[in-house]
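Chains A and B are the protein sequences, given in the same order.
Counting in our numbering, the first sequence runs from 26 upward without gaps.
Counting in our numbering, the second sequence runs from 26 upward without gaps.
There are 2 protein chains.
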Amino acid sequence: MSFQQTFKALSDPTRREILDLLKSGKKSAGEIGEHFQMTGATISHHLSILKQANLITDEKSGKYIFYELNLTVFEEILSWIQSFQKEG
Amino acid sequence: MSFQQTFKALSDPTRREILDLLKSGKKSAGEIGEHFQMTGATISHHLSILKQANLITDEKSGKYIFYELNLTVFEEILSWIQSFQKEG
DNA sequence: GCTATATTTAGATAATTAGCTAAATATCTA
DNA sequence: TAGATATTTAGCTAATTATCTAAATATAGC
């Protein structure tokens, strides 16, 4: 929820790679995990951190849980970054 | 230097606050430290991480070392964030 | 050269965290 | 209901890191 959580979530390369994967659309936890050489448990841990940071949303569908980017938080980070560029 | 270093550097609230302080112009390590209830050594450590991440530059002037924002890296993060917003 | 000031470096510690394995939960199908 | 699949939770460990104190380095002025 907090800004701090968002930045912490983004500071891990695996989590940023997960976000990159999700650019092409929603994916199940298993599909996401296939791209990494880590256990599903570890991926689940990362997904939970991204979710807490509001960077992704999840949606259950039968056996699967689908994850999707949540762009609203990206807006906030964008504004923060831009505040350094604008003079004044 | 790396993207990873930049994000790690940004993931600490003290370091983000240092960056915010530097928005108003260059400041010495001591001036920066005055805003925090931490030892100078700790602030120095944070400054070193920000410097390694290329988010700030330093300039020695007599007894003092002045730190200043380096905006070029902010551009890169901005692009990364924006890559999520553009569809495709 | 000596002393005071500004900052960093070194070394230690406590807290956080990324990863694992194993167990638990949930859903589907036979 | 039993078994298979998908995912999460719990508990552990090794690595990282934010912080401290103490020591080191550098500069200025007497």
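For glycine and all other residues, C-beta sits at the position ideal for the given N, C-alpha and C.
Contact of Phe61 of chain B with chain A is not assigned, every C-beta pair being separated by 8 Å or more.
Beta-carbon to beta-carbon, Ile43 of chain A and Leu75 of chain A are separated by about 6 Å, close enough to satisfy the 8 Å threshold. Between Asp83 of chain A and His60 of chain A, the alpha-carbon positions lie close to 19 Å from each other.
The bridge partners DSSP lists for Lys52 of chain B are B:Tyr92.
Counting other Cβ atoms within 10 Å of its Cβ, Thr31 of chain A reaches 16 or more and is therefore classed as buried. Among the CB atoms of chain B, one or more fall inside 8 Å of the CB of Gln29 of chain A. Counting other Cβ atoms within 10 Å of its Cβ, Gly55 of chain A stays below 16 and is therefore classed as exposed. Note on Lys33 of chain A: 16 or more other CB atoms within 10 angstroms of its CB, so buried under the neighbour-count rule. In the three-state reduction of the DSSP assignment, Thr82 of chain A falls in the strand class, which pools E and B. Secondary structure of Gly58 of chain A (DSSP, three-state): helix. Thr97 of chain A carries a helical assignment under DSSP once its states are collapsed to helix, strand and coil. Scanning A:Asn79, A:Phe109, A:Thr64 for the CA closest to the CA of Glu93 of chain A turns up A:Asn79.
Residue nearest to Ser108 of chain A within the set B:Ser108, B:Ser53, B:Ser27, B:Asp45 is B:Asp45 (criterion: CA-CA distance). For Gly65 of chain A, the enclosing alpha helix (DSSP H) starts and ends at 65 to 77. B:Pro38 is the residue among B:Pro38, B:Trp105, B:Gly87, B:Ser86 whose C-alpha sits nearest the C-alpha of Ile68 of chain B. Rounded to the nearest angstrom, the gap between the Cα atoms of Phe91 of chain A and Gln77 of chain B is 37 Å. Between Leu96 of chain A and Gln110 of chain B a beta carbon distance of about 6 Å is seen, short of the 8 Å cut, so the two are scored as contacting.
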